[in-house]
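Have a look at the structure below, then the notes.
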Amino acid sequence: MLTAIIDYESGNLHSADKAFQKMARETDAGEVVVTSEADTVARADRLVLPGDGAFPACARALAESGVQEALIDAVENRGVPFMGICVGMQLMARNGHEYEETRGLGWIEGEVMKITPTDPMLKVPHMGWNDLMIDIPHPVLEGIESGDHAYFVHSYHMRMSGLDQRLARVDYGEDVTAVVGRDNCVGLQFHPEKSGATGLRMIANFLAWAP
24 MLTAIIDYES
34 GNLHSADKAF
44 QKMARETDAG
54 EVVVTSEADT
64 VARADRLVLP
74 GDGAFPACAR
84 ALAESGVQEA
94 LIDAVENRGV
104 PFMGICVGMQ
114 LMARNGHEYE
124 ETRGLGWIEG
134 EVMKITPTDP
144 MLKVPHMGWN
154 DLMIDIPHPV
164 LEGIESGDHA
174 YFVHSYHMRM
184 SGLDQRLARV
194 DYGEDVTAVV
204 GRDNCVGLQF
214 HPEKSGATGL
224 RMIANFLAWA
234 P
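Just so you know, the sequence shown maps onto residues 24 to 234 in our numbering.
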């Protein structure tokens, strides 16, 4: 079993790699590699797309990385389990509206928009720990309950066209999408590798997920 964390030069992958390596060892889930090679992406059994920074820059970096075609083929045509993290999750949307309108991968029915809390005391970016509210059960959320904490650092989030693909949210002066999913895809707006036991449990669940 091979899990590939995609390196497209859009984020520090060290902490994510360490967390996935740890849980793969603990659950006997096979090998975890960080890769920028299309061939490795094409043969992986699970795919993880992290991302830090602005949506347009990450979208361009992925398009120019040489792995996007292999990623799309794996997820759309072969049903390979996929996890997007932070901007990697946002790239699953139809479009992003950070600085300029930018097309996403179109796997989730949503648009990435700036967080607009109703309380002026709530600052943007949304940074720090927040309580998850689970809307829809999912194998990657097994053992996670509403009220469990996750660690966020972001100014934009996915506004959903409908709620059937929003698995969890947090309250930050408005409903802020925290977890999305459909078919063989799941996305986390927060950083599971920085979210303590909650995040590690989700990583372990993903490594065992067989959609």
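Just so you know, even glycine gets a beta-carbon here, dropped at the ideal spot from N, CA and C. Bear in mind that the values here come from a model prediction, so they are computed numbers and not experimental data.
Excluding sequence positions up to five before and after ASP198, its CB lies within less than 8 Å of the CB of ARG192, all in the same chain and listed in chain order.
Contact check for TYR31 against SER88 passes: the beta carbons are separated by less than 7 Å.
Distances from the CA of TRP152 to each of HIS172, PRO162, THR125 and LEU211 were compared; the closest alpha carbon is that of HIS172.
Relative to the Cα of SER59, the nearest Cα in the group PRO104, ILE29, ALA201 and CYS208 belongs to ILE29. Counting along the chain, the unbroken beta strand (DSSP E) around ARG205 starts and ends at 198-205. Ranking PHE213, GLU123 and THR26 by CA distance to the CA of ARG83 puts GLU123 first.
Cβ atoms of LEU186 and LEU164 stay farther apart than 8 Å, at about 15 Å.
Going by DSSP, CYS208 is part of the beta strand (DSSP E) stretching over 208-211. With 16 or more other CB atoms across the displayed protein chains lying within 10 angstroms of its CB, HIS161 is buried. DSSP places GLY53 in the coil class of the three-state scheme, outside both helix and strand.
Per DSSP, the continuous beta strand (DSSP E) segment holding ALA191 begins and ends at 189-194. Scanning its chain for C-beta atoms nearer than 8 Å, with the 5 sequence neighbours on each side dropped, one finds around ASP194 the residues ASN153, ASP154 and MET156, in chain order. Excluding sequence positions up to five before and after ALA233, its CB lies less than 6 Å from no other CB in the same chain.
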